[in-house]
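Q: Here the sequence shown is numbered in the working numbering, starting from 200 and rising by one per residue.
For glycine and all other residues, C-beta sits at the position ideal for the given N, C-alpha and C.
Quantities reported herein were computed from a predicted structural model and do not represent experimental measurements.
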Amino acid sequence: NYAIQIDIYEKNSLTYRGSLLFPIIFPFLPVHRLAYIVDIPRINENIQTCLNSQCIHGKCMTYSNNPKNNSFCQCNPGWSGRYCTIPYSCMCSSDSICMGVSAYNRSVCVCPINKFGDRCLLVNTICQMDKNLTCENGGQCISADEYMISTRKFVCICPKGYIGDRCEIGDNKIILSFQKSIVLSQSIFIHFIQVINNSPPMRTTTFRTISLTKNSLIVYWSQPFHLVFIELFDEIYYLAVIQKTY
C-alpha cells in the first residue's frame with residue numbers, strides 16, 4: 200500500500216505542527232493527480248504521541264488526521280528509516296531542519312524563512328531590498344516559495360489593523376465603549392450588516408472577549424458594512440454603529 204505523508208512546519212519559527220497521511224486509493228493507476236483539503240493543526244493543539252518501542256532513535260507520533268489510528272516514527276537528527284535505525288550525515292544548512300533522506304540518498308531539509316534550495320544554502324534577498332518596494336506599516340515580508348506558480352515574488356503578513364498585498368490599506372477601527380450600567384459577559388458577538396440593493400442584507404459575525412477590568416473594546420474590520428450590532432450571551436442586542444454609505 201502507498202500513501203503520501205505531509206509534515207507541517209511553521210515558516211517563521213520552524214515549529215513542528217503535525218503530520219497528515221493520505222492513502223493512495225487506486226495504486227494500479229500509472230499517474231496520480233491528487234488534490235487535498237488540508238486542515239492545519241492549531242498552534243495550541245497538543246501533538247499526539249504514542250508508545251512504540253521499535254522507534255529506536257526517535258519517537259512515536261500519530262497523524263493529525265488520524266487515518267485508522269496509524270502512527271510513524273519521527274526520527275532524531277542523523278537517523279532515518281522506518282524505525283530510525285539507519286544513520287546518515289545531514290547535508291542541510293546549519294539553520295535548517297534535517298528530516299531524513301530521500302530515495303536518492305539526499306538530505307530532506309526544512310528551510311528557514313527567506314532561504315531555499317535542496318540544502319537551504321541559497322538566500323532570497325527580495326525582502327532585504329528597498330522596504331518601500333515590499334511591505335508597509337510594519338508588515339513582515341516572506342519571500343515566495345520557488346515551487347509555487349505565482350507572479351508575486353513575496354507576500355506580506357500584516358499587523359492588526361492593516362490589509363492589502365503590501366499592508367498598505369488601513370482597516371476600519373471601531374472603538375466600543377460600554378456604560379457601567381450594562382452588564383457585560385466575558386465574550387460577545389459583533390454582527391456587521393451590509394445593505395445590498397435588491398438583495399437580502401449580508402451579515403458577518405465575529406467573536407471577541409472582554410477583560411473583566413475593562414469596559415471598552417477595539418475592533419478592526421476590513422469588510423464593508425452599514426450597521427453594527429453587539430450581542431451579549433443573554434441575547435440582548437445593542438445597535439453600535441450606523442453609516443449610510445461605505
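1. Name the DSSP bridge partner or partners of M328?
2. Name the DSSP beta bridge partners of T248, please?
3. Do D294 and P311 count as a contact pair if the criterion is CB distance below 8 Å?
4. State whether the segment 289-305 contacts the segment 242-255, with contact taken as three or more CB pairs (one from each stretch) at a distance under 8 Å.
5. Is it buried or exposed, T333, if we count other Cβ atoms within 10 angstroms and call 16 or more buried?
6. Are the segment 401-409 and the segment 382-391 touching, with three or more C-beta to C-beta distances below 8 Å?
7. Enumerate in chain order the residues of its own chain whose CB-to-CB distance from F428 is below 8 Å, with the five nearest sequence positions on each side excluded.
8. In three-state terms, what does DSSP make of N265?
9. Within 10 angstroms of the Cβ of N341, are there 16 or more other Cβ atoms? Answer buried if so, exposed if not.
10. Can you find at least 3 beta carbon pairs, one from the segment 359-372 and one from the segment 413-430, that sit closer than 8 Å?
11. For S306, count the other beta carbons within 10 Å of its own beta carbon; 16 or more makes it buried, fewer makes it exposed. Which is it?
12. Have a look at R216, G217, V230 and Q273 and flag the residue whose alpha-carbon is nearest the alpha-carbon of N251.
A: Taking the coordinates as given:
1. M328 pairs with nothing; no bridge assigned.
2. M260
3. yes
4. no
5. buried
6. yes
7. I389, H390, I392, Y436, Y437, L438 and A439
8. coil
9. Going by the sequence as given, residue 341 is Ile instead of Asn. Buried, by the Cβ-count rule.
10. yes
11. buried
12. Q273
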